[in-house]
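For what it's worth, my numbering labels the leading residue of the sequence shown as 2, then goes sequentially.
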Amino acid sequence: MENKWRAWLSRIMEKGKMPKKNQLLILMLIGILLVVIVFPVSDSNEGTGAISKEENEAVDIQETENYEKSLERRVAKTLEYVDGVGRAEVMITLKSSGEKIIEKDQQTSSQKTDEKDSKGGTRTSEDRITDYNSVYEQESDGAQSPYVSKEMAPEIEGVVVIADGGDNPVVVQNITEAVQALFGVEAHKIKIMKRTDT
Numbered sequence: 002m003e004n005k006w007r008a009w010l011s012r013i014m015e016k017g018k019m020p021k022k023n024q025l026l027i028l029m030l031i032g033i034l035l036v037v038i039v040f041p042v043s044d045s046n047e048g049t050g051a052i053s054k055e056e057n058e059a060v061d062i063q064e065t066e067n068y069e070k071s072l073e074r075r076v077a078k079t080l081e082y083v084d085g086v087g088r089a090e091v092m093i094t095l096k097s098s099g100e101k102i103i104e105k106d107q108q109t110s111s112q113k114t115d116e117k118d119s120k121g122g123t124r125t126s127e128d129r130i131t132d133y134n135s136v137y138e139q140e141s142d143g144a145q146s147p148y149v150s151k152e153m154a155p156e157i158e159g160v161v162v163i164a165d166g167g168d169n170p171v172v173v174q175n176i177t178e179a180v181q182a183l184f185g186v187e188a189h190k191i192k193i194m195k196r197t198d199t
């Protein structure tokens, strides 16, 4: 096909005539088509603000880590005010990264069926079908995202507290009770240790 175009262009040049308007228009359209083929259109997600699944997971992991660090700092700072604790370091591990509850519409429909038996009697049965559809909200840029009706905080798996007073049984008991009151963590998932300066 390329040879045909070259032959056509060479014939026009040999004659010394300028191409007509229609021929110029065709040449221009062919040029545009070649440019479009050479430079493919970018992915539709680019420029729309859409986030890929991998990027979304990375954001969730970062948010979870920030949540952990924030909790650790707040608990350590609070415990340092308790008599006998002294300086404290806290490490918290999370069981999960939290949960987002998506709002769903519930639609129930019923379907009645009349059945006849061999003795001439009829029986009506009713089947109920419940269908759940996610509710979406529209962003200012026109994108739609599921409507989150409730967001659950991550569940705490365990807590380690390293404190200057970690060898005092009364301080250990106070720290354990404080962590249990804050997070509802069972006592065997809380470890209190004495801090050493190295």
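Where a beta carbon is used, it is the ideal one built from N, C-alpha and C, also for glycine.
Taking C-alpha atoms, which residue in the options lies nearest to residue i?
i	options	result
Val149	Gln112, Ile102, Gln108, Gly32	Ile102
Met194	Lys78, Asn134, Gly167, Asn175	Gly167
Thr197	Ser97, Glu90, Ala182, His189	Glu90
Asn67	Glu81, Thr79, Met92	Met92
Ile62	Gly121, Ala182, Val39, Ser97	Ser97
Check residue i in the structure and name its three-state DSSP category.
i	result
Lys96	coil
Ser119	coil
Thr79	helix
Val207	No statement about residue 207 is possible, as the shown extent of the chain runs from 2 to 199 and does not include it.
Ser197	Position check: residue 197 holds Thr in this sequence, whereas Ser was assumed. Three-state result, Thr197: coil.
Glu127	strand
Glu238	Nothing about residue 238 can be read from this structure; the chain reaches only from 2 to 199.
Thr49	For Thr49, the predicted structure reports a pLDDT of 46, less than 50, and the residue's modelled location is therefore unreliable. A value from the coordinates is still provided. Three-state result, Thr49: coil.
Ile62	helix
Given residue i, which residues of its chain have a CB within under 8 Å of its CB, disregarding the five upstream and five downstream residues?
i	result
Glu116	Thr123, Arg124, Thr125, Ser126
Thr114	Thr125, Ser126, Glu127, Asp128
So, for residue i: in the same chain, excluding its five sequence neighbours on each side, which residues have a beta-carbon less than 6 Å away from its beta-carbon?
i	result
Ile191	Val160, Thr177, Val180
Phe184	Ile157
Lys151	Ile102
Met29	none
Glu187	none
Glu81	Ala89
Gly48	Note on Gly48: pLDDT 46, under 50, position unreliable in the model; no value is reported.
Are the Cβ atoms of residue i and residue j separated by less than 8 Å?
i	j	result
Glu73	Leu95	no
Ala164	Arg88	yes
Gly85	Val162	no
Gln145	Tyr133	no
Ser1	Lys105	Here the chain has residues from 2 to 199 only, and residue 1 is not among them.
Pro147	Thr65	no
Gln108	Asp128	no
Val83	Asn169	no
Starting from the C-beta of residue i, find all residues in its chain whose C-beta is less than 7 Å away, skip the five residues before and the five after it, and write them out in chain order.
i	result
Ser110	Ile130
Segments of 4+ residues assigned as alpha helix (DSSP H) that fall wholly inside the region 141-193: 170-184
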